[in-house]
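See below for the structure under consideration.
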Amino acid sequence: AGAGSGKTPVITSRIAYLVGDGHEQPHEILAVTFTNKAAEEMRNRVETLLGADCSKMWVSTFHSLCARLLRREAPAIGLSRDFVIYDSSDQLTVVKQAMKALHIDDSFVQPRAALSRISHAKNRMESPEQIADSAGWNRRDEHIAKIYSHYLNALKESNALDFDDLLLKTVDLFEQSERVRSKYAAQFRFVMVDEYQDTNRPQYLLIRRLSEAHRNLCVVGDPDQSIYKWRGADLKNILDFEHDFGDARIVKLERNYRSTQIILDAASAVISQNRNRKDKHLWTDRKG
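Numbering (the working numbering), first residue to last: 106 to 393.
Printed below as a string of structure tokens:
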């Protein structure tokens, strides 16, 4: 779906149709997006369309979905339900303590840069050992691998998870506990994901697991709008969708409601040079 083509209304209309026509109960629907604002907007739109309370519906960000699942099911992977969630300032404190303990000078490795590298590794599901192995003669990477290892231990000792862990631990939960996997795969009869081009590897694995029982998965996205590679987003998730889900039906949204044709033509001329993309032709009937 192209820019300004009504991606989110597709998902909200689909939810309203499924519930409003009696195909599903609200608690059997899971809709996931990337920001709290988008999730709130989605819920409000569905409530407006249905004229009913949708509090039983699971509409949330990936991170709040994972936090909710872990608060319920964490003991299945040996984790306490009352874990603490560390924000970025807590994480930075842990990194600085690790560097102090390891006698690593912050002029050689900046704490924020180390934290960013750790987060990126987690989003790609890389361990400290993998970073160390690929470091070669790069002393900076060797140090980051040590900081990362120390950081993981410190969080474990404090019964704490960072935002990336919320995703990773939930993937562990679904991989390791058949009971939990079956329970939620059976509950969520319809799974929907907005901004699918922004998903990373843990999010992809989570969605696969949650949709494998009913195989009712609907994702909306645009490879041309993928700008979060630095945060671990993997463009292959959307480009390989038909390969991963062979029976998928593809619908292209090419009508734009936001811009004029001259803007669309200019944007298309630029983006058409990209190597990895799905071809589409945006059009509008707005003059100007």
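Glycine is no exception: its CB is placed at the ideal position from the N, C-alpha and C atoms. Nothing here was measured: the structure is a model prediction, and the numbers come from that model.
- Following the DSSP letters along the chain, one finds Val375 inside the alpha helix (DSSP H) bounded by residues 366 to 376.
- In the structure shown, the three-state DSSP call for Phe167 is helix.
- Ile355 carries a coil assignment under DSSP once its states are collapsed to helix, strand and coil.
- In the structure shown, the three-state DSSP call for Arg229 is coil.
- By the criterion of a C-beta distance shorter than 6 Å, Pro233 is surrounded in its chain by Ala250, Tyr253, Ser254, once the five residues flanking it on both sides are discounted.
- Inter-segment contact for the region 201 to 216 and the region 294 to 311 is absent: fewer than three beta-carbon pairs are separated by less than 8 Å.
- Beta-bridge partners of Trp388 (DSSP): Arg360.
- In the DSSP assignment, Phe268 forms no beta bridge with any residue.
- Residue pairing for Ile134: DSSP places it in a beta bridge opposite Phe295.
- Checking the DSSP bridge columns, you'll see Leu322 partnered with Val296.
- Shown here, Val199 sits in a helix according to DSSP, grouped into three states.
- The Cβ-Cβ distance between Pro307 and Leu273 falls below 9 Å.
- Bridge pairing for Val285: absent [DSSP].
- In this structure, Ile120 sits near Met162, with a CB-CB distance shorter than 9 Å.
- The Cβ atoms of Leu278 and Ala172 do not sit closer than 9 Å to each other.
- If you draw a straight line from the Cα of Asp267 to the Cα of Leu207, it is about 21 Å long.
- Per DSSP, reduced to three states, the secondary structure at Val214 is coil, with no helix or strand assignment.
- Under the three-state reduction of DSSP output, Ile332 falls in the coil class, being neither helix nor strand.
- Within its own chain, the residues whose Cβ lies closer than 8 Å to the Cβ of Asp246, once the five positions on either side in sequence are excluded, are Ile236, Ala237, Ser239, Ala240, listed in chain order.
- In this structure, the straight-line span from the alpha carbon of Ala157 to that of Gly127 is close to 13 Å.
- Around the beta carbon of Arg150, a 10 Å sphere encloses 16 or more other beta carbons of the protein chains shown; the residue is thus reported as buried.
- Annotation: the continuous alpha helix (DSSP H) that includes Asp349 extends over 346 to 349.
- Ile209 carries a coil assignment under DSSP once its states are collapsed to helix, strand and coil.
- Thr304: not part of any alpha helix (DSSP H); DSSP gives it neither H nor E.
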